[in-house]
Every structure is written in structure tokens, then in C-alpha cells.
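Contents: one structure, followed by commentary.
2 protein chains.
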Amino acid sequence: MIKKRIMGLDYGSKTIGVAISDPLNITAQGIETLNINEIIKDFKIKKIKELIKEYNVGTIVVGMPKNMDNSLGFRAEATLNFIEILKNKIKSVEIVLQDERMTTIAAERVLLEADISRKKRKKVVDKIASVLILQTYLDIKN
Amino acid sequence: MIKKRIMGLDYGSKTIGVAISDPLNITAQGIETLNINEIIKDFKIKKIKELIKEYNVGTIVVGMPKNMDNSLGFRAEATLNFIEILKNKIKSVEIVLQDERMTTIAAERVLLEADISRKKRKKVVDKIASVLILQTYLDIKN
């Protein structure tokens with residue numbers, strides 16, 4: 000039996016980062032960044048559906064911004080709204096949340112240790128957030 | 000009740016990296032690198048015992064080197080030997096293993112994305128391996 004793959008989504012105010020697992024669901028790879036528009040409610044659902052079909056996705060993991068005290072963080076409400084839309088529009092896949100707090104902290108720490116500037120750290124973390132969200136989920140699952 | 004803290008150990012051929020959790024067991028911090036000598040069987044057990052007492056440690060997490068196919072990796076035998084010694088010499092704490100494969104891969108990927116040279120990547124990953132091992136364990140546990 001061919002395993003269904005897992006998709007990781009990093010929901011931002013202007014973009015959604017998309018990562019996908021390998022066929023064995025061990026590692027995560029970034030595949031695309033989708034430009035979205037919250038004001039006109041363009042969340043690129045059609046494109047996400049196409050990617051689900053193309054990669055035979057069974058589960059979507061969405062990063063959930065949380066604060067250190069476990070309360071919901073900045074942008075959490077918008078993320079929850081996006082998850083509701085996903086659930087309504089895409090019935091064929093399971094949707095799960097992954098706390099992205101520690102993922103970001105770990106990545107920031109690795110970059111700090113490498114003496115990367117604050118500006119570049121943010122850029123790098125943003126770029127691979129979906130990969131880190133999915134990789135964390137895979138690590139916990141495996 | 001005060002929570003027992005958790006210690007992360009990255010066992011290398013010449014050094015053991017030591018990390019410790021905060022009192023709430025949410026985040027990991029690197030505290031020390033111990034020089035060891037496998038030939039004369041000097042594993043700094045006395046120093047590890049002192050750190051256990053000083054930080055009120057209840058659990059030690061040791062990073063386990065594995066290959067991508069889940070088989071034991073290079074240095075796995077030496078690591079298992081070290082774990083046996085730990086178990087025999089230190090009875091007061093629980094000792095658990097943490098697969099360090101994904102931790103290292105994730106850190107390498109973050110550094111690759113930041114255009115860090117191969118040489119520096121290795122240096123950075125080695126330096127914070129114990130922190131990443133412990134942080135992964137804490138993330139999975141919380």
C-alpha cells in the first residue's frame with residue numbers, strides 16, 4: 000500500500016508556506032510559497048487542493064502560534080479562521096495543529112549560535128517555517 | 000512541589016555536551032562541555048553526579064545516533080556503552096534515549112538555508128547538540 004503523504008502549512012498574513020513529506024513520511028521538504036490576501040479572503044484553497052491531489056496528501060499539519068505560557072499568540076485568531084476554512088473546503092484530509100513555538104525557538108537558537116544577524120534570522124525562519132512545522136510533527140509521530 | 004529538571008547529554012568521542020531544562024521543563028540551555036577519555040575510561044561520572052545534584056535532575060536524556068533507515072549509526076555502540084555505565088553508576092535518575100537524527104537534520108537545514116559553510120555548520124551543530132536533543136525531548140513530552 001502506498002502511504003498518504005503529509006503536508007505542512009505555515010500560515011502568515013501575506014503568504015502560506017507549503018512543505019511536503021517524502022513518500023515514507025520521514026523528512027519534510029519545502030515546495031511552494033503561496034501569496035494570499037486576507038482582505039479579499041483569497042486563501043489559495045484551489046491551489047492547496049491541487050497540491051493535495053498531486054502529492055496524494057492524507058493529513059495537513061498547520062503551525063499554531065503560541066506564547067511561552069501556552070496561551071494563543073499573535074496571529075492565532077487568523078490561523079484558527081484559516082483552519083476553519085480549510086476544514087469546510089477540504090473534506091478529504093485530516094487537519095491537525097502543531098505548536099510552532101519550540102520549532103521557531105530551536106531554529107532561532109541554531110542561527111544565533113552561527114552568528115546570523117537578527118534580520119537574516121527572521122528571513123531564514125520564515126522561509127523554512129513550514130518545513131520545521133512538518134518535520135516536528137513527523138519526528139513526534141515516528 | 001518543585002519539579003525535577005531534565006538533563007540532555009550529547010555523547011561524543013572526546014566530549015560530552017550537557018544541557019539542562021528550565022525549572023518548568025519547557026526550554027533547554029547548554030551549561031557545560033565535559034572532556035572525556037574513552038581509552039582510560041574517564042567519562043566524568045563524578046562531575047555528572049554533581050550537576051545532577053546541583054540542578055535537581057530527575058531524568059537524563061541521551062542522544063542516540065541513528066541512520067535514516069532507523070539502524071544504529073556510527074558511534075552507537077560507544078553511546079550504548081556509555082549509557083550502561085551511567086545506569087550502573089547513577090541509580091537516582093531515569094535514563095532515556097532520544098533519537099538525534101532528525102534534530103541534527105533540522106539544524107543542518109536551518110544553517111544551509113542561512114548559507115553557512117559546511118565547516119561552520121558542523122561546529123555549530125556539535126556545540127548545541129545537547130540542547131537540541133533535550134529540546135526535542137521536551138517538545139515531544141509537553
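Chains as they are written, first to last, in numbering that gives the first Met the number 0: chain A, 0 to 141; chain B, 0 to 141.
Positions of the beta carbon are idealized from the N, C-alpha and C atoms, including for glycine.
Quantities reported herein were computed from a predicted structural model and do not represent experimental measurements.
CA-to-CA distance, glycine 16 of chain B to leucine 110 of chain B, given in whole angstroms: 20 angstroms
Rounded C-alpha distance that separates isoleucine 30 of chain A from isoleucine 51 of chain A: 12 angstroms
Any C-beta of chain A under 8 angstroms from that of threonine 135 of chain B: yes
Lysine 119 of chain A: contacting residues in chain B (beta-carbon distance under 8 angstroms): Ala113
Cβ pair count under 8 angstroms reaching 3, the segment 124-136 of chain A against the segment 18-25 of chain A: yes
Any C-beta of chain A under 8 angstroms from that of aspartate 138 of chain B: yes
Touch test, the segment 112-126 of chain B against the segment 34-53 of chain B, Cβ-Cβ under 8 angstroms, three pairs minimum: no
Same chain only: Cβ atoms within 6 angstroms of alanine 128 of chain A, ignoring 5 sequence neighbours per side: Asp9 and Gly16
Residue burial classification, arginine 100 of chain B (beta-carbon count within 10 angstroms, cutoff 16): buried
Own chain, CB closer than 7 angstroms to aspartate 142 of chain B, minus 5 neighbours either side, in chain order: This structure leaves residue 142 of chain B out entirely; chain B is present only between 0 and 141.
Residue ranges of each beta strand (DSSP E) within the segment 41-127 of chain B, 3 or longer: 56-63 and 93-98
Contact set for methionine 6 of chain A: own chain, Cβ-Cβ below 6 angstroms, skip 5 residues either direction: Ile19, Val56 and Ile59
Isoleucine 139 of chain A - DSSP class collapsed to helix/strand/coil: helix
Asparagine 55 of chain B Cβ short of 7 angstroms to the ligand SAM heavy atom set: Within the structure as shown, the ligand SAM is missing, as the structure has no ligands at all.
Interface flag, leucine 8 of chain B vs chain A, CB-CB below 8 angstroms: no
Assigned exposure category for isoleucine 47 of chain A - 16 Cβ within 10 Å defines buried: buried
DSSP bridge partner residues for isoleucine 15 of chain A (one or two, in chain order): A:Tyr10 and A:Leu33
Chain-ordered chain B contacts of isoleucine 127 of chain A [CB-CB under 7 angstroms]: Arg108, Val109 and Glu112
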